[in-house]
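One structure below.
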Amino acid sequence: MSTQLVLDFFGGTVPTFERTVIGRNEELVARLQTLVLERDSGPLPPSHLYLWGASGCGRTHLLIATAEFAQRNARPVHYVAAEHFLGEALPETPRAILLIDDVQHADSVLQHALFNAYNRARELEQRLVVTGDTPPRNLGLREDLRTRIGQSLVFHVEPLDDAQRLGFLQQWAQARGMQLERDVATYVLHRIERDPRRLAAFVAALDRRSLERQRPVTVALAREVLAELGGQPQGDEPGTMAKE
Amino acid sequence: MSHEAWTACCERLRASLPAQQYNTWIRALSAEPEEGGAGVRLRVLAPNRFILQWVRERYWSKIAEHLAELGIAQAELQLGATAKGGTPPRSNRPASAQARASAPDVESSEAAPADSVPPAAATTQERAAEAKPRPARSAPKRRPPPLAEDVAPSSTLEALYERTRLNPAATFDTLVTGRANDLARAAAMQVAHNPGASYNPLFVYGGVGLGKTHLIHAIGNAIFRTDPRVVIRYVHAEDYYADVVRAYQQKSFDAFKRYYRSLDVLLIDDIQFFQNKARTQEEFFHAFNALTEAHKQIVITCDTYPKDIQGLEDRLISRFDWGLTVQIEPPELEMRVAIVQKKAQLLGVQVGDDVAFLIAKNLRSNVRELEGALNKVVAFANFHSQPITLELAKEALKDILHAYNRQLTVEHIQKTVADYYKTKVADMHSKKRTRAVARPRQVAMWLAKELTPLSLPAIGEAFGGRDHTTVLHAYRTINELRLTDPQLNHDVHVLLQVLRG
């Protein structure tokens with residue numbers, strides 16, 4: 006199950022809306038919450054959501070936070086990472102919230118299941134929150150599915166700016182019980198691809214090195230780790246640095 | 003006095019009901035004072051039995067309550083219409099939509115959302131069916147279709163309606179017509195007036211998201227309004243297939259056959275999904291024959307012309323030609339504008355021509371995305387408590403329309419900046435440090451940091467092997483200059499716009 010991976014990635018803490026650096030995504034976060042609570046949301050009837058943005062902008066984080074929020078509010082919820090979908094159909098739990106991550110990776114089986122889910126959503130009172138890497142018009146999916154996604158409320162997930170990234174890094178380190186000084190965080194931020202996943206993976210490597218060598222986390226240590234990783238960390242796949 | 007009370011009552015309902023419900027049910031009513039007797043009496047008139055019963059079941063207690071507060075002690079709901087038509091005003095409530103932005107709880111006490119039909123209590127028989135192990139389908143509302151014998155005379159209208167699986171929002175009233183769907187709509191209305199007696203089957207085909215499903219729901223809703231006793235069923239081809247599979251697993255083909263042959267009107271959507279499903283096609287073939295022989299109406303939608311459907315038996319395809327085949331085409335610009343305005347009206351919001359035009363111009367191929375775009379604008383305006391203007395619409399649609407999804411490359415940024423400042427791309431890599439060359443280079447570095455996730459060393463590398471501190475310096479310099487140099491700030495702004503599409 007892919008959920009486990011995600012939890013690992015977040016350093017052992019489940020993302021929540023409270024622990025989310027919302028940045029410029031205020032309207033989106035508000036909308037995700039009203040979706041879960043089925044609160045009146047102005048003149049619009051409740052609608053499905055579609056979130057898109059470049060890798061590392063926080064789509065998965067927001068989905069997991071939505072799942073957590075739904076659970077807290079006793080709303081059935083299912084998370085599906087498109088890449089790891091193995092079933093034949095999506096759950097038909099009434100009133101469930103279906104979270105479909107990275108829909109651009111959906112194979113024909115999942116596309117079909119998703120198409121059916123959209124058609125049955127009204128009757129089952131389900132809501133779909135789907136994420137992808139492009140706006141709906143550029144999604145390379147079946148046209149009947151693509152247009153259903155396009156009928157949702159569409160949000161561009163705005164990435165964090167540098168100050169927010171710094172905050173994220175320090176929060177993330179703290180959750181692991183690691184002391185990350187501002188100068189080290191800044192050093193990392195200026196040298197690693199500024200995608201939260203990469204940053205987090207690098208800090209994890211730094212943490213392990215510090216524990217192995219019993220040395221404090223300093224700029225000097227960060228420089229060593231960076232040098233050992235070849236100084237070209239931006240070429241790696243997300244998360245590879247975290248592997249032992 | 004009594005008339006004013008009725009108007010006031012409608013105003014209250016308009017404020018408390020979703021616009022769609024108000025427009026569909028309350029606007030259809032009229033009222034007239036009743037002569038004689040003590041106290042003020044009011045007769046509320048419903049134009050047909052269907053509306054009468056629906057209003058009685060769902061809204062009457064609320065209406066009576068409002069009227070009592072307004073001084074009408076006795077009110078009665080009856081079939082009929084007033085001569086001069088005391089129609090209450092349409093619900094387009096920009097004012098209340100605004101008000102609700104600041105007081106989000108106004109409607110929270112309201113029951114169901116406009117597009118959902120409340121669940122009817124499941125019969126014991128259905129519950130028993132639920133108890134059987136059915137791994138893939140555990141949802142109570144997706145129970146097997148009720149058999150015709152279940153329809154007890156005491157069934158409420160709502161329960162009858164729920165069995166149709168129709169969407170109450172998809173009616174002929176809410177369908178926008180234009181050249182693209184004129185013929186299909188006319189044929190559909192014909193069928194709705196004379197089910198089983200005009201075109202059988204009616205075969206509607208057209209591309210994705212053009213309103214085929216809306217049209218067949220409209221047929222079903224129109225027939226139900228005329229006579230709720232007609233047994234109507236909307237079914238998506240995928241769900242019909244699932245029913246066949248279930249009948250197969252549970253060895254309940256007799257019940258399955260009996261159910262589908264008991265229908266007066268079968269509305270089946272997206273028949274192309276029958277491709278290569280032999281058993282489903284066979285079952286449908288027999289159901290088709292039984293229904294048409296009994297002069298029951300069948301309406302079919304498909305994404306292609308019958309002869310072009312792949313993997314469908316010839317005997318089925320030839321039967322689709324027996325009635326009338328009509329096409330729905332993509333709507334032209336004027337029709338798209340009209341669709342946006344109609345949908346806005348149904349939401350109870352006001353959208354200017356310029357905004358409708360902006361949406362219609364940018365989303366060409368299907369109605370679904372048109373609706374998505376309008377919803378986005380409405381949600382954005384609501385969230386920010388602002389009126390819907392052209393500027394606001396442009397801002398709201400950024401998320402849908404802008405194509406800056408493709409990962410920008412440093413090369414593309416360098417070329418764009420060089421073009422803008424009329425310098426050479428080679429200068430981006432060169433060691434030259436004159437102002438005329440260095441400033442555009444710094445701007446390009448700033449943009450690279452802002453618009454790509456690349457690390458600073460990687461950006462430095464792309465600018466002729468410079469150090470990451472140079473990139474950082476450029477970034478800070480431009481940030482400072484943007485505050486003091488309006489021309490530079492303007493340049494950066496324009497470049498951002500260009501690069502983001």
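From first to last, the protein sequence lines are chains A and B. Heads up, the first sequence is in the numbering used here, so the first residue is 6 and it goes up one at a time. Heads up, the second sequence is in the numbering used here, so the first residue is 3 and it goes up one at a time. Each residue gets a CB set at the ideal place from its N, CA and C atoms; glycine is no exception. Computed from a predicted model, the values in this text were never measured in an experiment.
- For residue 140/A, at least one C-beta of chain B is nearer than 8 Å to its own C-beta.
- Taking 8 Å as the cut-off, the Cβ atoms of residue 49/B and residue 5/B do not count as close.
- The beta carbons of residue 267/B and residue 298/B sit about 7 Å from each other, so the pair counts as a contact at 8 Å.
- From the beta-carbon of residue 167/B, the residues of chain A found nearer than 8 Å are 128.
- In this structure, the CA atom of residue 105/A is about 16 Å from the CA atom of residue 74/A.
- When C-beta atoms of the segment 163-170 of chain B are compared with those of the segment 180-196 of chain B, fewer than three pairs fall below 8 Å, so the two segments do not count as touching.
- The segment 470-485 of chain B makes contact with the segment 435-455 of chain B, as at least three CB pairs between them are under 8 Å.
- Where residue 459/B is concerned, the enclosing alpha helix (DSSP H) starts and stops at 458-464.
- Using a C-beta cut-off of 8 Å, the segment 207-219 of chain B makes contact with the segment 303-318 of chain B, since at least three inter-stretch Cβ pairs fall below that distance.
- The alpha carbon of residue 193/A has as its nearest neighbour, out of 109/A, 42/A, 211/A, the alpha carbon of 211/A.
- Of the residues assessed, residue 170/A falls on the buried side of the cut-off, its CB having 16 or more other CB atoms within 10 angstroms.
- Measuring C-alpha to C-alpha distances from residue 471/B to each of 448/B, 239/B, 414/B, 344/B identifies 448/B as the nearest.
- Any Cβ of chain B closer than 8 Å to the Cβ of residue 78/A would place that residue at the interface, and such an atom is absent.
- Between the segment 234-253 of chain B and the segment 354-363 of chain B, the count of Cβ pairs shorter than 8 Å is below three; the stretches do not touch.
- With a cut-off of 8 Å on Cβ pairs, the segment 115-134 of chain A is not in contact with the segment 340-359 of chain B, counting fewer than three such pairs.
- Taking the Cβ atoms as the reference, residue 491/B lies roughly 4 Å from residue 484/B, within the contact range of under 8 Å.
- Comparing C-alpha distances from residue 348/B to each of 14/B, 21/B, 469/B shows the shortest one belongs to 21/B.
- Among the residues of the segment 362-377 of chain B, those with a Cβ less than 7 Å away from any Cβ of chain A are 368, 370, 371, 373, 374, 377, in the order of the chain.
- Residue 450/B and residue 422/B have their C-alpha atoms spaced approximately 15 Å apart.
- In this structure, the CA atom of residue 219/B is about 31 Å from the CA atom of residue 356/B.
- Per DSSP, residue 5/B is one residue of the alpha helix (DSSP H) stretching across 4-18.
- Bounds of any beta strand (DSSP E) do not take in residue 179/B, whose DSSP letter is neither H nor E.
- Chain-order list of chain A residues neighbouring residue 400/B: 161, by C-beta distance under 9 Å.
- In this structure, residue 44/B sits near residue 33/B, with a CB-CB distance shorter than 8 Å.
- Secondary structure of residue 486/B (DSSP, three-state): helix.
- Residue 78/A and residue 189/A have their C-alpha atoms spaced approximately 39 Å apart.
- A Cβ-Cβ contact shorter than 8 Å links residue 314/B with residue 276/B.
- Sequence-ordered contacts of the segment 178-200 of chain A with chain B read 194, 195, 196, 197, 198, 199, 200 [C-beta pairs closer than 9 Å].
- A distance below 8 Å separates the beta carbons of residue 198/A and residue 455/B.
- Relative to residue 332/B, the option among 182/B, 77/B, 303/B, 55/B whose CA is nearest is 182/B.
- Taking the CA atoms as reference points, residue 384/B sits about 23 Å from residue 102/A.
- The continuous stretches of beta strand (DSSP E) do not include residue 199/A, and DSSP gives it neither H nor E.
- About 5 Å separates the Cβ atoms of residue 22/A and residue 70/A, confirming a contact at the 8 Å cut-off.
- Taken through DSSP and simplified to helix, strand or coil, residue 48/B comes out as strand.
- Between the segment 371-380 of chain B and the segment 336-348 of chain B there are three or more C-beta pairs closer than 8 Å, enough to call the two in contact.
- In this structure the segment 112-125 of chain A lies against the segment 85-93 of chain A, because at least three pairs of beta carbons, one per stretch, are closer than 8 Å.
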